[in-house]
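Read through the structure below, which is laid out as structure tokens, and then see the notes.
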Amino acid sequence: FFHTNHEDVWRWVNRFSDWNGFVLRVRSNVRGLHVPIPVNRNTVNLLFPQANLTSDEDMRRWLEQHRVPHAEVRNSEELALSTFGRELYALMFKGYTEKQWDTPVRNLDQLVINRIPVRTDTDDRYFSDAHQGLPVLGYTALFHHMLHHPNISVRLRTNYFTLN
Numbered sequence: 102f103f104h105t106n107h108e109d110v111w112r113w114v115n116r117f118s119d120w121n122g123f124v125l126r127v128r129s130n131v132r133g134l135h136v137p138i139p140v141n142r143n144t145v146n147l148l149f150p151q152a153n154l155t156s157d158e159d160m161r162r163w164l165e166q167h168r169v170p171h172a173e174v175r176n177s178e179e180l181a182l183s184t185f186g187r188e189l190y191a192l193m194f195k196g197y198t199e200k201q202w203d204t205p206v207r208n209l210d211q212l213v214i215n216r217i218p219v220r221t222d223t224d225d226r227y228f229s230d231a232h233q234g235l236p237v238l239g240y241t242a243l244f245h246h247m248l249h250h251p252n253i254s255v256r257l258r259t260n261y262f263t264l265n
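Going by my numbering, the residue at position 18 of the sequence shown is 119; the numbering climbs one at a time, nothing skipped.
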């Protein structure tokens with residue numbers, strides 16, 4: 102899955118392939134509900150219907166009310182609690198993250214959780230980049246076209262240090 106906000110990159114890859122416009126949307130099964138990831142207003146409204154969030158400002162307030170502040174965030178658990186609050190952290194991130202990394206979340210560097218966005222709107226795309234998709238003929242065809250460009254030469258069994 103390819104995504105970028107860089108117009109020059111998008112123009113460049115379009116020289117080698119047409120793109121299908123696929124947009125990645127991820128759902129997590131929480132309490133039998135399929136909720137969007139990244140967390141957004143719809144996620145909170147599905148899990149906590151009483152929240153009834155209707156605006157970005159509602160979502161900001163809800164997050165602020167549920168956050169567990171930490172003076173100095175030292176690990177992924179503290180970051181998750183200060184970003185999502187106890188309930189969302191417990192429902193959506195704790196178990197999954199510990200299973201994925203085979204260690205308690207508090208033992209993980211904050212960079213692990215820091216990569217998970219949270220949105221105040223209802224955008225349910227995993228990436229918010231302007232350009233997203235898959236090459237219509239697949240990645241094999243994309244790289245075939247790239248490698249056959251006149252400015253590219255492929256050298257196999259070549260010692261890098263012997264190149265000029």
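Backbone N, C-alpha and C fix where the C-beta goes; we use that ideal spot for every residue, glycine too.
Asked	Found
Can you tell me where the alpha helix (DSSP H) holding L134 begins and where it ends?	Looking at the DSSP string, L134 is not in any alpha helix (DSSP H); the run it does join, the beta strand (DSSP E), is 134 to 138.
Check whether the region 219 to 238 touches the region 103 to 121, taking contact to mean three or more Cβ pairs, one atom from each stretch, closer than 8 Å.	yes
Give me the Cα-Cα distance between D225 and V127, rounded to the nearest whole angstrom.	8 Å
Looking at the unbroken alpha helix (DSSP H) that takes in S177, where does it start and where does it end?	177 to 189
Where does R161 fall in DSSP's three states?	helix
DSSP state of G239, grouped into three classes?	helix
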